[in-house]
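Since the structure comes first, as structure tokens, the remarks are kept for the end.
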Amino acid sequence: MIAAGLPAPALAGQPLFGLRVNGAAALKQVEVNGLLVVFLKYPGSSVTRETLAHLDGALPTLELRGIAVVAVLPGDEAAARDLVCRLQIVHPVLHDPDDAHRARWGVEAGATRPSLRVLPRLVSPSRGLPDWRRRAMRVEAALLDTSGLVRWTWCAPSSYTALNPEALSRAVDHLFPDTTGISHVLSPEL
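Just add 147 to wherever you are in the sequence shown, counting from 1, and you've got our numbering.
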């Protein structure tokens with residue numbers, strides 16, 4: 148992932164549903180204070196579903212703080228569309244079939260093949276696994292300020308870890324203080 152303090156690479160494209168996303172233009176809107184970009188694993192991953200659930204729970208608080216959210220999802224487009232519809236995701240989700248956004252942002256693309264024990268469970272079009280590289284990907288996230296600088300990054304410690312809502316909450320509290328006087332929790336469980 149690109150280091151904090153550096154300018155963020157371009158992030159633009161047509162999301163699976165909704166209007167075209169342009170990260171630089173979004174940061175220039177009056178009501179936006181920042182942008183959270185989350186790079187997900189493949190559509191069939193339980194880690195992807197868990198991360199999207201965390202983001203969905205955090206969305207009201209993030210919007211209150213003026214933080215727009217964009218998720219980037221590699222893999223099969225049909226499986227990605229199905230996942231976004233099934234989970235009723237309201238924030239933009241960019242499909243990244245050739246890992247171009249991951250490469251530009253310096254996000255790990257994964258390179259290991261799954262073990263032979265899990266091979267029969269992985270070979271299924273409904274799981275959204277276009278190739279073996281998808282197995283090793285990790286969830287990574289970055290918070291950008293209105294100038295387009297990366298202010299905070301987070302990388303999952305393993306490929307089995309979803310976005311940490313507590314780490315996100317601490318970063319948002321530190322970088323985008325609550326000026327409303329209302330205390331909010333980013334964790335969907337609370």
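Beta carbons are placed, not taken as given, at the ideal position from N, Cα and C, and that holds for glycine. Just so it is clear, the structure is predicted and the values come from calculations on it, not from any experiment.
Asked                                                                                                       : Found
Whole-angstrom C-beta distance between V297 and L153, which should lie under 8 Å                            : 6 Å
8 Å Cβ cutoff met for A227 and H242                                                                         : yes
Residue of E287, F164, T195, Y189 minimising C-alpha distance to C232                                       : F164
Proximity winner among R285, D320, D292, L290, relative to A309 (alpha-carbon distances)                    : R285
Reference Y189, options P312, V240, L206, R251, closest by Cα                                               : V240
Residues near Q161 in its chain [Cβ-Cβ closer than 6 Å; skip 5 each side]                                   : R167
Beta-carbon proximity check, A155 vs G253, cutoff 8 Å                                                       : no
Check whether L206 and V184 have beta carbons under 8 Å apart                                               : no
Sequence-distant residues of its chain with Cβ nearer than 7 Å to N180 (five each side left out)            : R212, G213, I214, T293, F323
Residue span of the beta strand (DSSP E) that contains G181, given as start and end                         : 181-186
Residue burial classification, R317 (beta-carbon count within 10 angstroms, cutoff 16)                      : exposed
Residue span of the beta strand (DSSP E) that contains H238, given as start and end                         : Where H238 is concerned, there is no enclosing beta strand (DSSP E), given that its DSSP letter is neither H nor E.
Counted within 10 angstroms of its Cβ, other Cβ atoms place D223 as buried (16 or more) or exposed          : buried
Inter-residue spacing [alpha-carbon to alpha-carbon] between E313 and A225                                  : 32 Å
Residue range of the unbroken alpha helix (DSSP H) whose run includes L199                                  : 193-211
Outcome for H321 when other beta-carbon atoms lying within 10 angstroms are tallied against a minimum of 16 : exposed
T195 CB to nearest heavy atom of the ligand COA below 7 Å                                                   : With respect to the ligand COA, the structure shown offers nothing to examine, as it has no ligands at all.
Buried or exposed (CB count within 10 angstroms, at least 16 for buried), P304                              : exposed
Buried or exposed by the 16-neighbour rule on C-beta atoms within 10 Å, applied to P221                     : buried
C-beta contact flag for L182 and L291 at 8 Å                                                                : yes
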